[in-house]
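Going by numbering that gives the first Met the number 0, the sequence shown opens with residue 0, and the numbers climb by one from there. Ideal Cβ positions, reconstructed from N, Cα and C, are used throughout, including at glycine.
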Amino acid sequence: MQPTEDAICQMYAEREARFAREAAALARRADRIANARMAVFAVALGAVLYGIWGAPSFRGPLFITAGLLVAGFVALVVWHRRVLRQWAYEAGLADLNQQAQARIQRNWGQLPLPPLDPALLRDPLSIDLDLLGPRSLFHLLALPATPLGLRRLADWLLEPAPLSDIASRQLTIAELASQLDRRQELALLSRPCARGQASLNPFLDWAEGPVWLGQRPWLIRLTRITPLASLVLFVLYSAGLLPLSPLLAVLVLNVGLSLHFCRQIHPLFSRIASREGELRAYVALLAQVQRFSVTSPAMREIQSHARAALRSLDRLRRLMDLADLRFSQLLYGVVQATTLWDFHVLAFVEAWQAAHRSEVRGWFEHLARFEALCALAGLKHDQPDWATPQVDSAATEVAARQLGHPLIPAAQRVANDVSLGPAGAFLLVTGSNMSGKSTLLRSIGVNIVLAQAGAPVCAASLSLPPVRLGASIRVSDSLGDGVSLFMAELRRLKQVVDDAARVQRAGERQFVYLLDEILHGTNTVERQIAVRRVVRHLLECGAIGAITSHDLALADVDGLAAACHPVHFQESFSDGPAGRQMTFDYQLRSGVATTTNALKLLEMVGLPADDGRAPCPAPTVQEAKSC
0 MQPTEDAICQ
10 MYAEREARFA
20 REAAALARRA
30 DRIANARMAV
40 FAVALGAVLY
50 GIWGAPSFRG
60 PLFITAGLLV
70 AGFVALVVWH
80 RRVLRQWAYE
90 AGLADLNQQA
100 QARIQRNWGQ
110 LPLPPLDPAL
120 LRDPLSIDLD
130 LLGPRSLFHL
140 LALPATPLGL
150 RRLADWLLEP
160 APLSDIASRQ
170 LTIAELASQL
180 DRRQELALLS
190 RPCARGQASL
200 NPFLDWAEGP
210 VWLGQRPWLI
220 RLTRITPLAS
230 LVLFVLYSAG
240 LLPLSPLLAV
250 LVLNVGLSLH
260 FCRQIHPLFS
270 RIASREGELR
280 AYVALLAQVQ
290 RFSVTSPAMR
300 EIQSHARAAL
310 RSLDRLRRLM
320 DLADLRFSQL
330 LYGVVQATTL
340 WDFHVLAFVE
350 AWQAAHRSEV
360 RGWFEHLARF
370 EALCALAGLK
380 HDQPDWATPQ
390 VDSAATEVAA
400 RQLGHPLIPA
410 AQRVANDVSL
420 GPAGAFLLVT
430 GSNMSGKSTL
440 LRSIGVNIVL
450 AQAGAPVCAA
460 SLSLPPVRLG
470 ASIRVSDSLG
480 DGVSLFMAEL
490 RRLKQVVDDA
500 ARVQRAGERQ
510 FVYLLDEILH
520 GTNTVERQIA
530 VRRVVRHLLE
540 CGAIGAITSH
550 DLALADVDGL
560 AAACHPVHFQ
570 ESFSDGPAGR
580 QMTFDYQLRS
590 GVATTTNALK
600 LLEMVGLPAD
610 DGRAPCPAPT
620 VQEAKSC
């Protein structure tokens, strides 16, 4: 028996409490170590000062004691850092489990929203279906991840996967869903990398770009000769065979080379690995990928690439640890002047670059793919009652049983059976204002997006062919572009019709359209004519879909009546202590709507008939059709 959503939420709460307790205990331990460290340092300093000025006769024993105390101080510093790392780990896991509860409860305010390219947020389908941005499908799915991982997840939501990829993702997601501890550790390890796409782009630009030192062969030869010359001259000077001046001349040359060229070398080092440790974090992420237990071919491929990337990036990380000597000013100055340290480190780094230039981007792409799979696996784990959809090229309809909106909390969600198609038919959804028509369209669209990303869907079952979605649900005017609402809707509808025709010509997918109260920016008569024309174009293209409308006569229009499958929502009114109340059950019913509610809503908000007469009764369906 599968656990319920409430049981999973409770499990996360228990995990949060456990990790929080462990973090609190580690914080107390870190405080005690910090106090002990300060005390040991103070005693060591006191012993030195007392040995110098207070008791010169005991200077030797006091200095030995101070030395032992300094060694103890260093040990305490190392221990303190280790405890702080453990504390950050436990506190981070507590935070992830708190976010997991918020994710199940759709408590958006407690879910951080990772940044995305603003161009993605302007995608029309994303705006219509709430795929990206605040309170969106991406917001629900996005665990902490690298910038490329988040971008890959967004791309999967915006672009349907090939049929073979859908099946592969479903298999992999099923494997990853049960590995909660490893997935949360992966999310935790990605946090140092989650500083925006810019943190990785400089590294990729460097790795795929030209070498710097390799373009200056004379400098390579010179930087190999002068350190050796300085060593030989130092030995000869120490033996009394040469004066100091030749050695000083070589050292001055080294310093001059360093001052001139290190202004270009150090920015190169910063592009490869910043002091914040992103490169070290990526190495840790790749190591974590290896810890997952998998059998699917897709996961084995990812782990194979991760294994190769781990070996190579770990070598680069060790080289960059050598480059970090530049942050130790005193030691760096001596070493650089005598050995030209930076040039030698850069030579090894550029040898690594030449060996792996063609592979680097692929490593991170595979890691991004794995992170996106983990995000979808988290949805499967957290929503055990959601179905795995059946995407079949032989299917002719989108058929869902108990379909709900994934972004609505389970306690408020109302599910309905819905069917779109086959070609030559369309679903006409009618009903009063606020009855649930737009939500139904978004429920269909968002679940299709999930299905074609390889994720589970908010339904008892869902079967569909590979589809391409087109929608006109949330269209607005643009003052800056000088586009009216009506013109904006026309442009969107033209795009939908053109996309339907293009998909029909390609013959690889079925086109699904979702049109919500279209062309309400013009008069009733012209709107009815235009809507019917749009529907005919879509039917001619073999597209399937759903339209919401207050045009009840659309179900009876010649040429469309046979293709129309009408369904509706309805409301009910009751008198209560607060006056007239309107309620909705959001249940889909066959046929066209039998009531309207606009005039009743006017009364409820305090806008009764302005001539003092009794309010007009709501028009009948026959009256509405004759308008």
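The Cβ atoms of residue 68 and residue 50 do not sit closer than 8 Å to each other.
With respect to the 8 Å criterion, residue 399 and residue 458 are classified as neighbours on the basis of their beta carbons. The residues 403, 404 and 457, in chain order, have a CB closer than 8 Å to that of residue 412 in the same chain once the five nearest residues on each side in sequence are set aside. In this model, residue 116 and residue 364 are separated by some 17 Å (Cα to Cα).
Taken atom to atom, the span from the alpha-carbon of residue 431 to that of residue 553 is near 16 Å.
Counting the other CB atoms within 10 Å of its CB gives residue 14 a total of 16 or more, which places it among the buried residues. Note that the C-beta distance between residue 110 and residue 138 is below 8 Å. Look at the stretch 277-340 and you find these whole runs of alpha helix (DSSP H), each 4 residues long or longer: 277-288, 296-322 and 328-338. Shown here, residue 415 sits in a strand according to DSSP, grouped into three states. Between the stretch 309-324 and the stretch 268-288, the count of C-beta pairs closer than 8 Å reaches three or more; the two stretches touch. Per DSSP, the unbroken beta strand (DSSP E) holding residue 563 starts and ends at 563-567.
Under DSSP, no beta-bridge partner is assigned to residue 215. If you look at residue 88, you'll find it in the alpha helix (DSSP H) that goes 58-104. For residue 438, the enclosing alpha helix (DSSP H) stretches over residues 436-452. With respect to the C-alpha of residue 206, the residue from 268, 514, 371 and 224 having the closest C-alpha is 268. In its chain, beyond the 5 residues on either side, 36, 39, 40 and 43 have a beta carbon closer than 7 Å to the beta carbon of residue 72.
Rounded to whole angstroms, the gap between the alpha carbons of residue 487 and residue 547 is 18 Å. Counting only the Cα atoms, residue 167 lies some 20 Å from residue 467. The beta-carbon distance between residue 155 and residue 371, rounded to whole angstroms, is 6 Å. This is short enough to meet the 8 Å contact definition. By the CB criterion at 8 Å, residue 395 and residue 422 fall inside the cutoff. In the structure shown, residue 588 falls within a strand segment according to DSSP collapsed to helix, strand and coil.
In the three-state reduction of the DSSP assignment, residue 163 falls in the helix class, which pools H, G and I. In the DSSP assignment, residue 512 falls outside any alpha helix (DSSP H) and within the unbroken beta strand (DSSP E) covering 509-515.
Residue range 4-48 is occupied by the alpha helix (DSSP H) that includes residue 28. Residue 377 sits buried, since 16 or more C-beta atoms from the chains shown fall within 10 Å of its C-beta.
Linking residue 295 to residue 288 through their CA atoms gives a straight-line distance of about 14 Å. Fewer than three beta-carbon pairs drawn from the stretch 86-102 and the stretch 427-442 are found closer than 8 Å, and the two stretches are therefore not classed as touching. For residue 574, the enclosing beta strand (DSSP E) has its first and last residue at 570-575.
The continuous alpha helix (DSSP H) containing residue 523 extends over residues 523-539. In the three-state reduction of the DSSP assignment, residue 222 falls in the helix class, which pools H, G and I. 8 Å or more divides the Cβ of residue 419 from the Cβ of residue 427. Looking at 519, 469, 599 and 114, the one whose alpha-carbon comes closest to that of residue 128 is 469. Rounded to the nearest angstrom, the gap between the Cα atoms of residue 503 and residue 392 is 14 Å. About 7 Å separates the beta carbon of residue 107 from that of residue 133, a gap short enough to meet the 8 Å contact definition. Separation of the CB atoms of residue 145 and residue 226 is rounded to 39 Å, and the pair is thereby denied contact status at 8 Å. Residue 222 and residue 369 do not touch by the CB rule: their CB atoms are close to 41 Å apart, not below 8 Å.
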